[in-house]
Each structure stands twice: as C-alpha cells, then as structure tokens.
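Below is one structure, written out as structure tokens; comments come after it.
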Amino acid sequence: MKQILAILVNDHAGVLNRVTGLFLRRGYNIDSITVGRSERKGLSRMTIVLDVENPMRAEQVVKQLHKQIDILKVIDLTGRAAVERELAMIRVSSSLQNRGELYNIIQPFRATVIDVGRESITIEATGSSDKIEALIELLRPYGIKELARTGITAFTREMEPV
Amino acid sequence: MTGQYTVKEIETSETPSPKSGAEILVSALKRENVEVIFGYPGGAVLYLYDALYECGIPHVLTRHEQGAIHAAEGYARVSGKPGVVIATSGPGATNLITGLTDAMIDSLPLVVITGQVGTSVMGTDAFQEAPIFSMTMPITKYNYQVRSVEELPRILKEAFHIASTGRPGPVLIDLPKDITSKASIVDEEVEISLPGYNPTYSPNMMQIHKIVQALKMAKKPVILAGAGVLHARASHLLRQFAERIGVPVVHTLLGLGGMPADHPLFLGMGGMHGTYAANRALYECDLLINIGARFDDRLTGNPDHFARNAKVIHIDIDPAEIGKIIPTEIPVVGDAGETLRILLEEELEKCDAEEWIRSLHSLKKEYPLWYKKDEGTLKPQRLIEMIHEITKGEAIITTDVGQHQMWAAQYYPFQTPNRWVTSGGLGTMGFGFPASIGAQIGKPGELVIAIVGDGGFQMTLQELAVVKEYHLPIKIVIVNNFALGMVRQWQELFYNERYSESLIPTQPDFVKLAESYGIKGILVQTEEEAYEAFSNNFFHNEPVLIDCRVAPFENVYPMIPPGKGIHQMEGVKP
Chain A
45 MKQILAILVN DHAGVLNRVT GLFLRRGYNI DSITVGRSER KGLSRMTIVL
95 DVENPMRAEQ VVKQLHKQID ILKVIDLTGR AAVERELAMI RVSSSLQNRG
145 ELYNIIQPFR ATVIDVGRES ITIEATGSSD KIEALIELLR PYGIKELART
195 GITAFTREME PV
Chain H
309 MTGQYTVKEI ETSETPSPKS GAEILVSALK RENVEVIFGY PGGAVLYLYD
359 ALYECGIPHV LTRHEQGAIH AAEGYARVSG KPGVVIATSG PGATNLITGL
409 TDAMIDSLPL VVITGQVGTS VMGTDAFQEA PIFSMTMPIT KYNYQVRSVE
459 ELPRILKEAF HIASTGRPGP VLIDLPKDIT SKASIVDEEV EISLPGYNPT
509 YSPNMMQIHK IVQALKMAKK PVILAGAGVL HARASHLLRQ FAERIGVPVV
559 HTLLGLGGMP ADHPLFLGMG GMHGTYAANR ALYECDLLIN IGARFDDRLT
609 GNPDHFARNA KVIHIDIDPA EIGKIIPTEI PVVGDAGETL RILLEEELEK
659 CDAEEWIRSL HSLKKEYPLW YKKDEGTLKP QRLIEMIHEI TKGEAIITTD
709 VGQHQMWAAQ YYPFQTPNRW VTSGGLGTMG FGFPASIGAQ IGKPGELVIA
759 IVGDGGFQMT LQELAVVKEY HLPIKIVIVN NFALGMVRQW QELFYNERYS
809 ESLIPTQPDF VKLAESYGIK GILVQTEEEA YEAFSNNFFH NEPVLIDCRV
859 APFENVYPMI PPGKGIHQME GVKP
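As they're listed, the protein sequences go chains A and H.
Taking the numbering used here, the leading residue of the first sequence gets 45, the next gets one more, and so forth.
Taking the numbering used here, the leading residue of the second sequence gets 309, the next gets one more, and so forth.
See below:
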C-alpha cells in the first residue's frame, strides 16, 4: 500500500535528517521525499511516499511524525482526494529522422522538449506518477539515456490548509 | 587614563554589559534553579567551566562521562527534576550515548550540554570533533546545535521545558566552543514558542465516559500501572481509583512503588519474571486498564497471547504509545495524574468482579515467589529480603540489569513511590552504581543502596572516587556470583548449558578495591555475615561496599521463556 504524507516542518538545519531517521529506525524504505518552502516563512512542506504493508503501521508512522517537535502538521493523504504532481526529466536517444515521431508521442502527455542535441532530446513532463510512468514506458524503446524524477509533491484537494 | 574613564562610563550607564556565551548559559542554569551539575571538563567546554567556577551551582566531577549521565538519571528519577550534564566534545560527548538512550527509553528528564569544536572548523574532522547532533537525534527527545550566542537563552529555556513536560526525556544542546567565548548583549528573558510541541494533559471526556461504561460491563478487570503514574506523581490517585472500583493492580518493572506492595489489590509485577497471579490476571482479564505503561515486550511476552480476550484501555501522555504494540479499544491521551483525577470525579461504582478477585487472591497465595532455602549458601533472594527487613522497605534502591535486578524487583516490596531506580528499557549494565550517586545527591537524607551485579559494577566502578570525594553515604551491595548471571541463566536454559563467556572467575578483590578508594569494604559469605554487615553498616553516615558471595548457579523464577505467552510461565512452583 502506498502511503502519502504531507508534512509541514520547521526549516531548521537537520530537520530532514530527523524525519528520515525516524523511517530508517523502523526499517521503512521511502519511495520518494520532496521538500521545499511553504507559503509560510520558516516552514517547509514535505511530501513523503512510503510503501507500508498494514494500516496499523501506517497509523504508527503518522503518530511518530506528530511526536517530532519540528513537525507542525501531518496529513495522511492516502485514499483522500489530493492533488499530486511529479516532475520528470527524460533524455531520450533520438536521431534527426525519428524526432517528429517522438514529438507526437509526448504531445498527449503535455510534455515539452527542453533541450535538443544531435543524438538526443530532453523531455520535461509533469503530472501524476502514473502518467509519468506511462510516458517513460512509451519512450523506453527509443533508449533512455538519463532519467531524473522528483518524487511526488501533494496536498489535499479540499483546500484545507495543511 | 582616558581608557579608565571609558570603563567607568560603561559601568554607570543604563545599558547592560555584554556577557559571554558561557556566562549567559550559567545564568540560564541559575534561572532554571539547577541544584547540581554532573560533568567532566575538556577543551571545548573550558570557557563554560571557567564561567562555572564560583558560580554557586555545585558541580560533581565523575570519573567518566557515562557515570555523570547515569548519576543525572538517578537524580532525575528520585527528585523529579531534570538532571543536568556537561561533557566536552568528541569522546566526552560520545561517552554519553548510553545514558542518553537509557534516559530516552525510561522517560527521564535530562538537559545535556556537550561542547563542540569551534564553528570555523566544524565538519573538518577537527581534534575531538564528533557529529553528536546528528548522532543523538534518535536517542533524545529533542536536540539543538547552537548557532549563535543570541539564541542561547531561548534554547536553554526550551530545553528545560521540553525535558520536563509531557513525556519526560533527555534534551541535548551541542555548543561550539567559540560561541561560549563570544560576548553579546542579549535579552535573557525569553518566551517559549514551540508550535509543534503541545503535550495533551487533559483526557477527552468522551473517552472518560467510555471507561466508566466499560467498567460497568467488566467481570474480570485489571489495572496495569507503569512509570507514567510515577512521573505524574499520581500514585495516591492510582490507589484511590483502584480501591473505588475494586480492581486489582499489576505493576510494570518501572512502575513498582506506585501501589503499596502489601495492598490487598496489588498482584505484584507482571512480565517475564513477574508473579504468576499478575500474569494470569493479564492473560485472563476481560478489561485491561493500562495507565502509563508502554507494553514493553518484557511485560507482554508474546503479544498474541497478551490480554487476548480483553477490551483494552490505554491511558498515556504520548499518543504514539497507544496502539503501538497492543490494539486499543479506548485510547486516552493524557497525563496519568490528570486522567485519574478526572476519572475520580465520575460516578464510579465497584466492579462486579468478586469471583475474579477471589480467584486471583487464591493464585497469589498458591503461587508465591519462591526459592530453595538451603543451609550454608547465601541465597541472593534471601540477601534482598534481608535488605528489605533491615531497611523496613524505606531505602532508595538502584540497580543495573540482570538477575540481581529481577531479585530486587521481586524481593524488595516497595511501599512508596520514587524509591526504585533501575534501568528498565535499555537494560544498562553499569547504570546502578552511578545512578545511586545521583539519587543520594537528590535525596541527601535518605538511605540509598546500590544493588549491583559483579559484572555491571565493573563497568562503572571508577565512580567510587566520587562517593569518597563528596562524602556520599551510599551502601553498595554486590550480588556476586562470579558470572554474568542472566546470560548464564539463559545459556543454562536455552543453550544447553554452554557457558560461552558468561563466567567471570577473575575478579578484583572488591574489599581491597573499596579500601584503595578510602571506602570501607566487607566480604560476606553467609547469611549471618550478610545480616550483620547490613545491620551494622546501613545506618552509619559512611559509604560501604559489601561484596556478597552468593550461590553461583541460582536462577530467577518464575519465568516466561522467550517467545512464549504470558500464560506459559515456567518455574512457578519449586
């Protein structure tokens, strides 16, 4: 089960360490973690995606996070209406001949080409992780030279302040 | 001459004079009414020690940083106030790791200040540098690395607040050397603002009403009371509550002393080496009211068999403890004292559980703690019983971990709270003796007895110097079986008697050792000698070390074997 957590934290030095250390100790592998500034000065927003096998452990994760003094708010987005986005940059082998074909493939994904070379193009895509995965699978036969994904950043749809 | 004139002008002006970081820290410690500091100086804290010189707060120089932090734990346990520790950077700081973890797991309030190398060389593997801030994140309730002199007053105030409120725990402040020497004019009166830290003291009333309802339905209720009751100084409320609803009480190891041991509703300690009656109650109950205990695996045994037919109520100030181990029907986040106070305001009736109590009473009678009394050898259980008789149960007892600890828990029935100082969660060898130093300093008028094993004592015995130097009348009782007793017991029972590295035939002459520190040492080999040594020396205002040679192959019973359920105790009867 994927568990998605939106967390508001103090942006002190070491906070990321505090949060990730908590997962390390319990042996959880973090699927992805994104951190950046929030709308409030001094506070950062983190989005953590975890793979947890049972709901009791998922609840324990939220409680342990809440316990952290530097964490102001934890919202479990799992199963809730949420806006989720991920950004990926994909460098694909591309001869000059098949370039048009590639453009046609990425167009329905509303992805854009952000760098062009003789042997490759670099594509930027934003969207749900599923959409990005679908695009990657379509591009894979052309030869993916480099791939970078940011991991999910998310918050609730109901506009509740996180 | 003009220079002198300038100085005078500053003295008479209204502006406060600048203070160094070290001076700011010392005045913050004074504002927190710190009574004593346990510590060990070194290069990175020299400015701080200079500011401590003649500052008026007594400092206890232990002989190892581990001794300092365990002493601070002992002090915190008996006094209820945060223990304060100072160590230097690098090795000084890393020597505190065991004590920090111990305090964390047993919820003891500490404020620990470690020196750090100067900010200009931090991260360069400088002399005596250790990344203690990141190292101690998982073993402190919170920790700080000071970045500027200006934030010192706030950090100190927050540290004491965090350590001593909510679920108590250790807070570490890592302090770079240059910050202790930098002078600044700072406002020392600060307000605490910690939006991410709001411990819940008062329980939710809806949950309280659920408890009242559940009590009406229960036929086999039992209260499990842990150290949370003692931290909340609420043992009198626990007793009132148990008496009002007529429900028997089981204590965890760390909760001992909450209920008077001779109280008719008290069933003894639960868990691996608890009483049969207590564990049967935890196994068979239909309602379990946990107040301030964290369902440690040494208590529950195999959790699949623990209170399996019971509705579980869990009252804890730390929400993360609720549902962590045992699924809970009625979760109550709140301070044990506050929750009991509110419960007692409700219309509580005596539970309809006469038959249940009668059956538990007969279990208590039928399966008491036992050991074989044979002539000639000194039985460790008898040793503890004698200590109890002679002290009339009024001593403060500190222990390490292992057989002697379990015997002390079993055979020293505590009547009053906060007299039992033991390393529960971490099971730290070497804890008991330095903890007795802190306990004695925290309660100078009390009789403090360190009951230690021969193994654990040798881990921190250098603190004998402290006992001598500060005239602490501590009684050290070594339960000496020339072995790492509990390891040996497990090897006997579960590893085919293959005593791999658990027998320790080579030992110092503990009597001479004590004498070399200027402390009276006594060797005891029989019951009579022990009785004489205890009664002749416990009430003198002098420290004494009594090396008691006990029966070497004695085991702690009864016992839940590892992996077994709480109903599968062995050695219940001789």
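All residues carry an ideal CB built from backbone N, CA and C; glycine is no exception.
No experiment lies behind these values; they were computed from the predicted model shown.
Item, Value
"Using C-beta distances below 8 Å, list every residue in its chain close to T699 (chain H), excluding the 5 sequence neighbours before and after it, in chain order.", "L755, I757 and F846"
"Ignoring anything shorter than 3 residues or poking outside the region 58-100 of chain A, list the beta strand (DSSP E) runs there in chain order.", "74-81 and 87-95"
"Report all residues from its chain with a CB closer than 7 Å to the CB of P725 (chain H); omit the five preceding and five following residues, and keep chain order.", "L538, S543, G565 and G566"
"Determine, for K632 (chain H), whether the minimum Cβ-Cβ distance to residues of chain A falls below 8 Å.", "yes"
"Less than 8 Å separating the beta-carbons of L416 (chain H) and E362 (chain H)?", "no"
"Determine the extent of the beta strand (DSSP E) in which A50 (chain A) is found, giving its start and end residues.", "K46 to N54"
"Below 8 Å CB to CB, which residues in the same chain sit around R162 (chain A) once its five sequence neighbours on both sides are set aside?", "L140"
"On the three-state DSSP scale, how would you describe E458 (chain H)?", "helix"
"For Q312 (chain H), does the three-state DSSP call read helix, strand or coil?", "Because the pLDDT of Q312 (chain H) is 44, which lies under 50, any placement of that residue in the model is unreliable, and the question is left without a value."
"Could you pull out every residue in the same chain whose Cβ sits closer than 8 Å to the Cβ of L460 (chain H), ignoring the five residues on either side in sequence?", "G329, I332, L333, A336, V454, I487 and V494"
"Let me know if M445 (chain H) comes out buried or exposed under the rule of 16 or more other beta-carbons within 10 Å of its beta-carbon.", "buried"
"Check whether the Cβ atoms of W728 (chain H) and F722 (chain H) lie closer than 8 Å to each other.", "yes"
"When you compare the CB of K85 (chain A) with every CB in chain H, is at least one pair closer than 8 Å?", "no"
"Rounded to the nearest angstrom, what separates S443 (chain H) and S744 (chain H) at their Cα positions?", "Looking at the sequence provided, one finds Met at residue 443 (chain H) rather than Ser. Distance between the alpha carbons of M443 (chain H) and S744 (chain H) is about 27 Å."
"Between the alpha carbons of E771 (chain H) and M90 (chain A), how many angstroms are there, rounded?", "47 Å"
"Going along chain H in order, which residues have a C-beta closer than 8 Å to the C-beta of N54 (chain A)?", "G504"
"Would you kindly report the start and end of the unbroken beta strand (DSSP E) that includes R193 (chain A)?", "I188 to R193"
"Would you mind stating whether I597 (chain H) and I621 (chain H) have Cβ atoms separated by less than 8 Å?", "yes"
"Can you pull the chain A residues whose beta carbon is under 7 Å from the beta carbon of Y450 (chain H), in chain order?", "I113"
"My understanding is that P503 (chain H) touches L116 (chain A), with C-beta atoms under 8 Å, so please give their C-beta distance in whole angstroms.", "6 Å"
"How many angstroms separate the CA atom of Q797 (chain H) from the CA atom of V368 (chain H)?", "37 Å"
"In chain order, what residues of the same chain have a beta carbon less than 6 Å from the beta carbon of G746 (chain H), not counting five sequence neighbours either side?", "A379, A380, G382 and Y383"
"Does the region 733-743 of chain H come into contact with the region 393-411 of chain H, if we say contact requires no fewer than three beta-carbon pairs (one atom in each stretch) closer than 8 Å?", "yes"
"Within the same chain, show all residues whose beta-carbon is closer than 6 Å to that of T636 (chain H), passing over the 5 residues directly before and after it, in chain order.", "V620, H622 and I630"
"Does the beta-carbon distance from D159 (chain A) to T170 (chain A) come in below 8 Å?", "no"
"Let me confirm a value: W664 (chain H) is counted as buried when at least 16 other C-beta atoms fall within 10 Å, else exposed. Which label applies?", "buried"
"Give, in chain order, every residue of the region 618-632 of chain H whose Cβ lies closer than 9 Å to some Cβ of chain A.", "D626, P627, A628, E629, I630, G631 and K632"
"In this structure, does DSSP put D174 (chain A) in helix, strand or coil?", "helix"
"Along the chain, which unbroken stretches of the alpha helix (DSSP H) at least 4 residues long are found entirely within the region 116-186 of chain A?", "143-150 and 173-183"
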